[in-house]
Structures are given as C-alpha cells and as structure tokens.
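One structure is given below, encoded as structure tokens.
There are 2 protein chains.
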Amino acid sequence: MPVNLALPAPEALLNIAGLEIGVAEAGIRKKDRKDLLVMRIADGAQVAGVFTLNRFCAAPVTVCREHLAASKGGTGIRALLVNTGNANAGTGAEGMANCRATCEALARELGIEPGQVLPFSTGVIMEQLPMDRLLGGLPNVTRAIGKHAWFDAAQAIMTTDTQPKAASRTVQVGGHAVTLTGIAKGAGMIKPNMATMLGFVATDATVSRHVLDALTQKAADRSFNSITVDGDTSTNDSFIVIATGKSAAPAITGLHTPDGKAFANALIELSIELAQAIVRDGEGATKFITIEVEGGRDEDECRKVGYAIGHSPLVKTAFFASDPNLGRILAAVGYAGIADLDQTRIDLYLDDVLVAKSGGRNPDYHEEDGQRVMQQAEITVRVVLNRGDARRTLWTCDLSHDYVSINADYRS
Amino acid sequence: MPVNLALPAPEALLNIAGLEIGVAEAGIRKKDRKDLLVMRIADGAQVAGVFTLNRFCAAPVTVCREHLAASKGGTGIRALLVNTGNANAGTGAEGMANCRATCEALARELGIEPGQVLPFSTGVIMEQLPMDRLLGGLPNVTRAIGKHAWFDAAQAIMTTDTQPKAASRTVQVGGHAVTLTGIAKGAGMIKPNMATMLGFVATDATVSRHVLDALTQKAADRSFNSITVDGDTSTNDSFIVIATGKSAAPAITGLHTPDGKAFANALIELSIELAQAIVRDGEGATKFITIEVEGGRDEDECRKVGYAIGHSPLVKTAFFASDPNLGRILAAVGYAGIADLDQTRIDLYLDDVLVAKSGGRNPDYHEEDGQRVMQQAEITVRVVLNRGDARRTLWTCDLSHDYVSINADYRS
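Chains as they are written, first to last, in the working numbering: chain A, 246 to 657; chain B, 246 to 657.
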C-alpha cells in the first residue's frame with residue numbers, strides 16, 4: 246500500500262508534441278504484461294541524461310552514455326527503448342553485444358541509425374536478455390507507436406511498483422504555454438532487486454543544449470538523487486529529459502532569465518513529484534518521511550547527515566513502530582561523517598516538536614508529543630546543525646516487515 | 246538464536262593477575278539484573294583504548310578520552326566502571342556532570358583519584374542516568390570486588406545480547422605463559438539501540454606503552470572494526486586493553502620480535518573471537534557471513550567493498566531467504582565507491598562456487614550450486630577485484646523479520 250500516492254488520471258497526463266509512444270507485450274519475463282516501451286522523438290529534439298554512479302553499471306547504461314556522447318550530447322537521439330523483466334546487468338561482453346543488437350534492430354524498424362537509440366533495461370540482474378522474445382517483440386512495439394499515451398508508458402515500465410507514476414505540468418515561457426510530462430518507476434535505492442530507478446520527462450519547450458544538460462543534472466540532484474529506501478544504488482538508474490522544441494515558446498537559453506527560472510522550477514517540481522512517488526511506493530513503506538537538514542556549512546554535509554538518518558535501519562524501524570526512540574536519529578547524525586561536528590549545537594525537531602536542544606534532550610519535551618507525530622503517515626524530521634547556512638531536503642520511508650518479505654521472497 | 250555460538254564455560258575463563266572483578270544489581274533500568282561492573286586494576290598496569298568515531302559520542306566516551314590522555318596514556322588508570330540500562334548519550338551538559346560525579350563517587354569508594362576511573366555506559370539514548378540508583382549501587386559493587394570472575398563480568402554488561410561473550414588465550418612470551426581474557430557485548434553497529442559495542446581485554450603480560458597503543462588499534466581494526474550488522478555506529482563503542490604486567494614474562498617492547506608477534510596474534514585472535522560472537526548473536530541473525538575481498542589496490546578499498554556488501558539490506562535479506570540472488574552482491578560491489586573500478590575484472594565466489602567471472606555470470610555456474618551454499622548457516626562470500634594485492638575480511642549476518650521485530654518493539 247503506497248503512502249498517500251494517488252493514481253494518475255490518464256486524461257491529466259498531457260501529450261508532448263514531437264514525441265510518440267508505443268508499448269507491447271513481449272513476454273520477456275512474464276506473460277500478459279506490458280514490458281516493452283518505445284518513445285519516438287521527432288527530429289531536432291535535445292536529449293540529456295544522468296545515470297547511475299554504480300561501477301557495475303548495466304550494459305544499456307554504458308550504451309546510453311556512448312550514444313549521447315556520439316550524438317553531440319543528445320541532439321540526434323530519435324528513440325528510447327525500455328524493457329522490463331531483465332536488467333542486462335552483470336552480463337559481461339554478451340550483455341553488451343545483446344544491447345547493441347537491440348538498438349540495431351529497433352533502428353532498422355524505425356529507419357534511423359543505431360546510435361540514435363537510447364536503450365534502458367530493468368529487472369533481474371546477472372541473467373542474459375531473452376533475445377528471441379525481445380527482438381520478436383520489436384515489430385509489435387514499432388507498429389504500436391502513436392497508439393499509446395503516457396499512462397500506458399508509465400504502466401509498461403513498472404516492475405514491483407504497485408502503481409504507475411506519472412505527472413504533468415504547464416508553465417508560461419515568453420507568453421506561450423510549455424508542457425512537461427514525466428513518468429518514473431521505483432527501484433534505484435528502493436527496488437534495486439528489479440534493478441532500476443527510471444525517470445523519463447519530456448517537454449515541448451525549446452531548450453539549448455547547455456541549459457538542458459545543466460538543468461537535467463540539477464533536477465536529478467533535487468529529486469531522484471534525494472531519495473532513499475534502502476541505500477542500495479542500482480546498476481541501471483537513469484533519468485532522461487527530452488526537449489522536443491515543438492512549442493511556439495521562445496528558446497530557453499539561460500537559467501537566470503525569468504523564463505529560464507520558471508521552466509527550471511516546473512521541471513524540478515515535476516521531478517520531485519515523481520521521485521516522491523517512488524518513495525511513497527517503496528517496498529513495504531507505511532510512512533513517508535521528509536528529512537530536512539539545515540544550518541550546515543555546505544549542502545554536501547547536509548546531504549550526508551540526511552542520508553545517515555535515511556539509511557539507518559534503526560531509525561527506519563522506529564518509524565515503522567511509531568516509536569519516538571529519537572536518540573537513534575542523534576546517533577545517525579553523529580556517524581554521518583562530519584569530522585568536526587559539535588554535538589552541543591545540534592537541535593532536533595519532529596514536525597513542530599523540539600525533541601533535542603543543544604545536543605541533549607529538550608527539558609520541555611514530553612514523549613507523548615513525539616508519540617503523536619510518530620503515529621502520522623507523513624513525518625518531517627528536522628535537524629539543525631547550527632554551523633552555517635546550507636540546507637538540504639531528502640525523502641525516505643520506513644523499514645517494515647513487508648520490506649524483508651518482499652526482498653526475501655521476490656524471485657520465487 | 247545465535248549462530249553457532251557456544252556458551253563460554255566459566256572455568257575456561259582464566260583470571261588475570263592484577264585485575265579484580267565485582268558486579269552488582271543497581272536496578273538502573275530493570276530489576277533483578279546485574280547492571281553494574283567494576284574492574285579494579287593493580288598499580289603499574291598499562292591501559293589503552295579505542296572509541297567510537299561517532300561525533301555524537303556519549304559522555305563516558307568523552308571522559309574516558311580525557312582520563313586516558315591525562316594519565317600519560319593510561320599508566321595511572323586503576324578502575325573501569327560499566328553500567329548497562331542507560332547509555333548517557335545525547336544528554337548534554339547534565340550527562341557530562343553525571344558521568345564525572347560517578348567517577349568521583351567510585352574514586353572515593355576505592356581511595357583513588359577520579360581521573361583514574363574509566364567510565365562506560367550502555368543502554369537507552371537521550372535519557373539522563375538515574376543517579377540515585379547508580380550512586381546507590383556503588384558501595385555494593387565496591388564490596389563485591391574480588392568476589393566475581395570473568396563470566397559474571399560478561400553477564401553484567403549484557404543488554405539485548407542473548408548470551409554472554411567471553412574467551413581466554415594463553416601464549417608463551419620469553420618462556421613464560423602469558424594469559425589474556427576478554428569479554429564483549431553486542432551493540433555498536435549491531436545493537437546500537439542499546440547503544441554500545443563494549444570490549445574489554447586484560448592480560449598479565451608486561452607491554453610497553455607505545456606497543457600497547459599500537460596493538461590495541463590494530464586488534465580493534467581487525468576485529469570490532471571489521472563487523473557489521475546494520476551499519477549503525479553507536480555513540481558509546483569502546484574497546485579497552487589492560488596489561489597488568491603481573492606475569493613473569495619479559496616485557497614486550499616491540500611488535501616485530503618473535504614474542505611481540507606471538508602476543509599480538511593472541512590478542513588479535515581473541516578480539517576476533519569476541520567480535521565474531523557479537524555478529525553470531527546479532528539481532529535476528531540466522532546466518533553468519535564472512536566477506537573476503539581480495540585483489541584490491543589497498544586495504545581501504547577492500548574494506549569499502551566488504552562493507553557495501555555487508556550493509557546492503559538486499560544482500561542481507563537474500564541470505565535470510567537462502568536465495569542465491571547474487572546479482573545483488575555485484576551491485577553492491579559497484580556502488581562501494583571505487584571510482585575507477587573495472588567491472589569486467591571482477592570474480593565472485595560463494596564458498597567454493599565461482600558465480601561470476603570477469604564481471605558476468607560464470608557460464609559453468611548452476612543455480613543449484615549457489616542454492617546449496619545459501620542454505621548453510623555459515624557462508625563465505627569472496628570477491629576478487631583483480632587490481633592489486635590487498636585483502637580484507639569482514640563479518641556480518643543476515644537481515645531477518647526478527648531484526649525488524651526486535652528494533653520496532655524494543656522499547657515497549
């Protein structure tokens with residue numbers, strides 16, 4: 246049961262001019278399941294991507310990086326191909342060859358070059374792609390292009406997700422409406438067994454190359470790189486932003502103009518909504534936790550503290566139990582890796598309740614106040630380091646019996 | 246149920262000349278439970294310690310560091326005082342004052358200086374010590390000094406441990422037998438809710454100051470700093486080595502002499518046995534996992550890889566389920582933080598089974614072989630990085646439903 250996650254309404258997901266969607270059932274791992282998605286991109290679009298830092302990255306991540314680099318940073322990319330059921334990670338040279346063969350086959354179907362295809366895979370690690378079924382499904386998915394919409398795409402990339410994740414935004418740029426629509430699937434640090442967090446956002450805005458690159462990195466940093474369920478970074482994590490340039494709005498060539506800021510905010514907010522949806526649908530999640538760390542010397546140390554809290558199995562089980570065992574949070578702050586941290590300056594809030602002040606229990610704190618907040622489905626932990634002006638917000642969920650069940654039993 | 250952990254036989258725990266033990270029930274958190282331990286150390290002993298790196302360290306850790314530094318590195322230390330039930334961490338200035346008051350009270354009882362006492366606390370975080378009961382128990386524990394032995398001491402420091410952890414060794418130094426006995430309790434990265442891994446080892450050997458300091462650090466590094474259950478570093482972790490110098494053996498003044506090496510090996514082996522006992526008794530543990538990482542450029546990168554595997558909730562739930570879902574191990578290797586890791590050189594073994602070769606599934610690997618190993622209670626994961634000669638061994642356990650239950654329900 247996801248935490249306060251509404252099912253997206255298909256009609257609320259806005260089409261993006263210059264991008265067509267097709268999905269199909271190829272039976273890659275299971276029967277009767279949409280497991281193949283193609284997005285065809287009109288000529289002239291800009292495409293940017295950020296990928297997992299896992300050194301054991303999957304074959305498609307390596308190929309995506311190659312194709313983006315070779316196509317002058319994404320100018321020539323004309324199609325995305327996504328399969329679920331198999332991650333094509335830990336598959337060695339054969340996995341690389343299979344990935345390239347898949348791009349070649351789709352390129353033939355679409356009349357483009359293999360280097361114009363970006364491939365994505367998600368599913369079980371260390372098994373070779375079932376090439377017969379995958380290649381056999383390509384003509385079907387090619388024929389389906391243009392017949393499907395974003396809701397279908399969001400469904401087609403699901404693995405252990407309990408529901409599809411998608412959202413749209415519109416924003417005014419130079420007096421013209423610009424549309425953004427995105428989809429995501431859980432995994433990444435959440436469902437890494439299925440081995441992927443995937444996020445795809447498209448917009449009809451015209452965005453210059455360097456702005457799109459910078460903005461994609463910034464949006465990923467603020468959203469998908471600010472969530473955790475279990476701390477495992479997957480082999481396949483990918484976040485792609487496509488700007489088709491089909492709207493009538495003027496080109497966005499800088500981030501500091503009013504138009505640039507408006508567009509950036511829309512993209513970042515959309516990315517955060519998708520990233521939060523992944524956490525809300527985290528394996529076994531019963532609570533949605535926002536971790537705000539402020540008063541740090543720089544963002545990096547705020548992030549370290551946030552992740553130490555967000556990764557701590559002890560903190561996460563306390564949330565699951567609605568137990569205000571809040572010393573666990575202080576302990577996590579202490580081992581976050583800030584060498585010169587002064588514990589006597591640290592304050593800790595649970596929502597509006599001041600739990601610890603200057604590194605010790607707040608004399609006015611009553612456990613029933615902590616208990617009240619801990620019973621909520623959504624909780625904000627706020628840590629004030631009192632050593633600078635930097636701040637950072639992360640999102641996570643609790644650690645429940647169901648997390649263990651799902652991950653202990655998943656393959657069977 | 247601990248994994249293959251024998252209950253120590255009281256008669257197998259050898260007394261150490263120059264060290265006397267007393268335990269008492271002070272009712273600090275629970276009734277009818279030994280929760281206070283004093284070790285009185287004869288004049289002339291050397292004492293060395295290593296402590297948690299957690300910046301939110303408990304008051305007793307700060308006081309231990311002060312007293313060791315002021316006593317010329319441990320030469321004048323005459324007593325250890327350990328309480329369970331309350332960690333005196335996250336307690337601010339009041340906690341520091343309480344800790345100092347406790348040292349002063351014991352010093353009065355024993356006729357020594359407060360600075361000659363090393364204090365240790367373990368238990369709940371962010372609650373003040375119940376000073377009335379703690380101080381009230383000091384006369385009782387002082388009267389008990391000399392009436393108890395190591396088995397009692399091991400029992401008195403238990404918190405959520407299911408059984409006491411203790412061991413002895415003897416080793417020849419210059420033709421004379423030297424004895425080492427140690428005790429430990431779980432926590433640290435294992436039971437950090439109870440907020441402490443504590444380890445105390447004493448020997449009648451005569452060990453020079455600088456050798457004892459170096460050896461204590463080395464032994465901690467090879468043992469207590471090479472285990473993990475859940476990755477949480479506690480606020481109170483402490484490891485103390487006491488050399489009373491009461492044996493007839495010649496002084497150990499270097500680590501590279503035959504005597505120095507023999508003594509060092511005995512201390513390291515004893516420390517490893519105690520550290521492994523903590524993992525075997527880890528919360529909810531059903532499997533004991535040895536992680537060997539070899540072929541690294543240096544020990545630090547081997548350690549990073551080992552901890553990435555040992556901390557991964559996905560790897561740990563797979564062990565709990567006896568599921569050879571071994572791609573999860575490769576993924577953990579990939580995100581361990583080695584920036585230039587070449588995945589195509591990595592081999593992975595499960596006991597004697599070669600699972601992955603050169604970064605991909607070994608063509609000769611059959612899942613039934615992995616399944617056979619996964620069903621064992623003790624399993625060795627071996628990762629060969631093939632980029633250098635360094636190696637490192639760590640120990641961990643699986644992540645079970647009981648871990649969640651224990652940590653979700655602990656305080657109630």
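The beta-carbon is built from N, C-alpha and C at its ideal position, and this holds for glycine as well.
Cβ pair residue i, residue j closer than 7 angstroms
i: A450(B); j: A509(B); result: no
i: E546(B); j: I583(B); result: yes
i: L383(B); j: L351(B); result: yes
i: L252(B); j: V268(B); result: no
i: M371(A); j: G540(B); result: no
i: A520(B); j: F469(B); result: yes
i: N631(B); j: R606(B); result: no
i: V423(A); j: A494(A); result: yes
i: I322(A); j: Q361(A); result: yes
i: I517(A); j: A429(A); result: no
i: N328(A); j: V369(A); result: no
i: R525(A); j: L250(A); result: yes
i: L240(B); j: F484(A); result: As displayed, chain B neither begins before 246 nor continues past 657, which places residue 240(B) out of reach and without an answer.
i: L264(B); j: S413(B); result: no
i: L515(A); j: G444(A); result: no
i: T415(A); j: A293(A); result: no
Helix, strand or coil at residue i [DSSP, three-state]
i: S471(A); result: helix
i: P359(B); result: helix
i: T329(B); result: strand
i: F301(A); result: coil
i: I497(B); result: strand
i: A262(A); result: coil
i: D458(B); result: helix
i: M371(A); result: coil
i: K430(A); result: strand
i: V268(A); result: strand
i: M439(B); result: Here the model assigns M439(B) a pLDDT of 36, short of 50, so the residue's position is not dependable, and the following value carries that caveat. M439(B): coil per DSSP, three-state reduction.
i: S453(B); result: coil
i: G604(B); result: coil
i: Q621(A); result: coil
i: H663(A); result: The displayed coordinates of chain A run from 246 to 657. Any statement about residue 663(A) would go beyond what the structure contains.
i: R656(A); result: At R656(A) the pLDDT is 49, less than 50, meaning the model places this residue with poor confidence; the figure from the coordinates comes in the next sentence. DSSP places R656(A) in coil when its eight states are reduced to three.
i: L425(B); result: strand
i: Y594(B); result: strand
Closer than 7 angstroms to chain A by CB, residue i
i: L575(B); result: yes
i: M619(B); result: no
i: R606(B); result: yes
i: V649(B); result: yes
i: H646(B); result: yes
i: Q361(B); result: no
i: Q462(B); result: no
Close-in-space but distant-in-sequence residues of the same chain around residue i (CB under 6 angstroms, 5 per side omitted)
i: G499(B); result: G505
i: I513(A); result: A464 and R467
i: G740(A); result: Residue 740(A) lies beyond the range of chain A shown here (246 to 657); nothing can be said about it.
7 angstroms Cβ cutoff, residue i in contact with chain B
i: V578(A); result: yes
i: G337(A); result: yes
i: N510(A); result: no
i: G433(A); result: Since pLDDT at G433(A) reaches only 42, below the 50 mark, its modelled position is unreliable, and the value read off the structure follows with that caveat. Not one chain B Cβ lies under 7 angstroms of G433(A).
i: A653(A); result: yes
i: Q616(A); result: no
i: L586(A); result: yes
Other residues of its chain near residue i: CB distance less than 8 angstroms, five sequence neighbours each side excluded
i: T387(A); result: G267, V283, L351, E354 and L355
i: G649(B); result: Note on residue identity: the sequence assigns Val, not Gly, to residue 649(B). Taken in chain order, the residues that qualify are G529.
Cutoff 7 angstroms; reference residue i; Cβ partners in own chain excluding five residues on either side
i: C344(B); result: A304, P305, V308, N333 and P364
i: P558(A); result: L644
i: R542(A); result: R632, G633 and A635
i: L457(B); result: Q291, A293, V486 and A488
Residue i: CB within 6 angstroms of a non-hydrogen atom of the ligand MN
i: V327(A); result: As far as ligands go, the structure on display features none, and thus does not contain the ligand MN.
Report task. Residues of the segment 320 to 335 of chain B with a CB closer than 9 angstroms to any CB of chain A: list them in chain order, please. Result -> Listed by position along the chain: A332, A334 and G335.
Query raised in the report: Name the residues in the segment 540 to 574 of chain B whose C-beta lies less than 8 angstroms from a C-beta of chain A; which are they?
Result: H556, S557, P558, L559, T562, A563, F565, A566, D568, N570, L571, G572 and R573
Report task. Select from the segment 294 to 308 of chain A all residues with a C-beta closer than 9 angstroms to any C-beta belonging to chain B, and list them in chain order. Result -> T297, L298, N299, R300, F301 and C302
Query raised in the report: Which residues, in chain order, does the segment 365 to 395 of chain A contribute to contact with chain B at a C-beta distance below 9 angstroms?
Result: V369, I370, M371, E372 and Q373
Report task. Name, going along the chain, the residues of the segment 480 to 498 of chain B whose beta-carbon falls closer than 8 angstroms to a beta-carbon of chain A. Result -> T480
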